Ligand SMILES: [Zn+2]
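Residue numbers (our numbering): 11 to 199.
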C-alpha cells in the first residue's frame, strides 16, 4: 500500500510539479532576455540616430547658421579632416569620432544659436562639397562616393562612456608626443 502512495506522488511530481518548475525557469530566462533587450532599446532610444538627424551648423566666416543632415555634414567634416586616399577603415574611424564629437557638442553647446561651427580652431573642420571637389584633380566623384560610403557604413555609431557620448578629441599630428587632456584643458583625469 505504501508503495502505491510513493508511485502516486512520484506520478504527481512528474506530471505537475516538475513541468511547473521547468516552465517557471524558462519564463525567468525569457523575462531576463526581455529586460536586456529593453535596456538595449532604451540606450538606442536615448542616442537614436534620428534624434540627431539634423544639426545647426554655424559658418564662422559669414556668421550664417545652416540646418544640415548630420551624415551629410559628416561627409564634409571627414573630407576636411582626412585625406581621401587613406584606407577606408581609417576614414570610417574618423567618421565615428567626428559623429561622437558632433553629438557631444549638441549636448554640450559652445554656441548659443548653433550646435557646432566650421572653424577647426573652435569646433571641427568642414569644407563644402563644391570646394572639396574643386581641390581634387581627378576621380572627383569616386573620391566623394568613398567618403559617403564610409559615413554610411558607420551610420548611427559613436563612442560612449556610461551611455554618454565621449568628448572625442582628435588631432592630425601629435608631433611625436601626446599630452594628457587634463593637463591641457583641465577637468578630470
Ligand atoms: Zn565652434
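All C-beta atoms in this analysis are idealised placements derived from N, C-alpha and C, irrespective of residue type, glycine included. Computed from a prediction, not measured in an experiment: that's the story for all the values here.
In the DSSP assignment, residue 110 falls within the alpha helix (DSSP H) that extends over 98–117. By the CB criterion at 8 Å, residue 164 and residue 126 fall outside the cutoff.
Here the segment 111–123 makes contact with the segment 61–72; the two share three or more CB pairs at distances below 8 Å. Taking a contact as a CB-CB distance under 8 Å, the pair residue 108 and residue 87 counts as one, their CB atoms being some 5 Å apart. Here the alpha carbon of residue 97 sits roughly 10 Å from the alpha carbon of residue 156. For the pair residue 154 and residue 93, the Cα-to-Cα distance works out to about 11 Å. When 185, 175 and 180 are compared, the shortest CA-CA separation from residue 131 is found for 180. Taken from the Cβ of residue 119, every heavy atom of ligand 1 lies 7 Å or farther away.
Nearest to residue 158 by alpha-carbon distance, out of 141, 168, 61 and 82, is 82. Annotation: the continuous alpha helix (DSSP H) that includes residue 140 extends over 139–145. Per DSSP, the unbroken alpha helix (DSSP H) holding residue 157 starts and ends at 150–163. Bounds of the beta strand (DSSP E) holding residue 79 are 74–79.
Under DSSP, residue 67 forms a beta bridge with 76 and 126. Under DSSP, the beta-bridge partners assigned to residue 170 are 175. Relative to ligand 1, residue 65 has its C-beta separated by 7 Å or more from all heavy atoms.
For residue 94, there is no enclosing alpha helix (DSSP H), as DSSP marks it with neither H nor E.
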